[in-house]
Amino acid sequence: MSSAYPLAHEIILGLWLGSIESSHPTFLKFRNIEAVLSILGNFSYVERVKPQMAHEVIIMPDGDPYDENDIKKGLEFISSHHNNGTNVLVHCLAGVSRSTSMVAGYLMKKKQWNPAKTLQFIAGKRSIVAPATDTFNSVISFIYGKNTEFFCKICQRQWQYTANYDSFNKQYAIPSYCSCFDPDLTPRKKN
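Here my numbering = 1-based position in the sequence shown + 5.
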């Protein structure tokens, strides 16, 4: 990731998504961020994050599915601060996968958006987002239940999130879910 790329992006008013560098006190102060959720691979990175404010840490290797307790803890932290008018930063190491999945979970709950619309919205604000398949799907299961499937309202194809790695450009690409490119999905419980 180029150093010219912004450290974080404001996804909705008062909710920021970024890399570990965005947890620097100067960055936080300039943006009036007073609550930080750090989602990091191990405790060695926690020492780099020293906010002088509300701070929650979730330890989770990149690409792994979230534990339900961690999803609950992260969503409650974001919700309790953001709903009270506090600016919140959610970050992981690069601001691409783990933090994106958690912010997506918050938006799915708060806005009642489906996963495709949520991810499309976030990618419109921070173009480098690409949640790992297991990580994002664990959040979807937590929000909607393990037995929920999604279908395109236009073509009726089943939608499943799978991260696509573009080896030529060495980056993840947000998958297109069907030829309709319609983020409006219908959730259905599996039989």
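Every residue gets a Cβ at the ideal spot worked out from N, C-alpha and C, and that includes glycine.
Original post:
Hey, out of ALA13, MET65, PHE126, LEU190, whose CA is closest to THR31's CA?
Top reply: ALA13
Original post:
Taking C-beta to C-beta, are PRO120 and ILE83 nearer than 7 Å?
Top reply: no
Subject >> Whole-angstrom distance between THR140 and ASN89, CA atom to CA atom >> reply: 27 Å
**OP:** Pull up the DSSP beta-bridge partners for GLU61, would you.
**Re:** LEU42
Original post:
Taking all protein chains shown into account, do 16 or more other C-beta atoms lie within 10 angstroms of the C-beta of CYS160, making it buried, or fewer, making it exposed?
Top reply: exposed
Original post:
Hey, how far is the Cα of ILE25 from the Cα of VAL41?
Top reply: 10 Å
Subject >> Inter-residue spacing [alpha-carbon to alpha-carbon] between GLU39 and GLY19 >> reply: 10 Å
Original post:
Excluding sequence positions up to five away, which residues of its chain have a Cβ less than 6 Å from the Cβ of GLY150?
Top reply: none
**OP:** Note down, in chain order, each residue of its chain lying with its Cβ closer than 7 Å to the Cβ of ASN37, except the 5 sequence neighbours on either side.
**Re:** ASN92
Subject >> ASN204 to MET107 span [Cα, whole Å] >> reply: The question about residue 204 has no answer here: the residues shown for the chain are numbered 6 through 196.
Original post:
In or out: PRO136 buried (at least 16 other Cβ within 10 Å) or exposed?
Top reply: buried
**OP:** Please report how far the alpha carbon of ILE148 lies from the alpha carbon of TYR10, in whole angstroms.
**Re:** 31 Å
Original post:
When DSSP labels each residue in this structure, what does HIS29 get in the three-state scheme?
Top reply: coil
**OP:** Measure the CB-CB distance between VAL95 and SER104 and report whether it falls below 7 Å.
**Re:** yes
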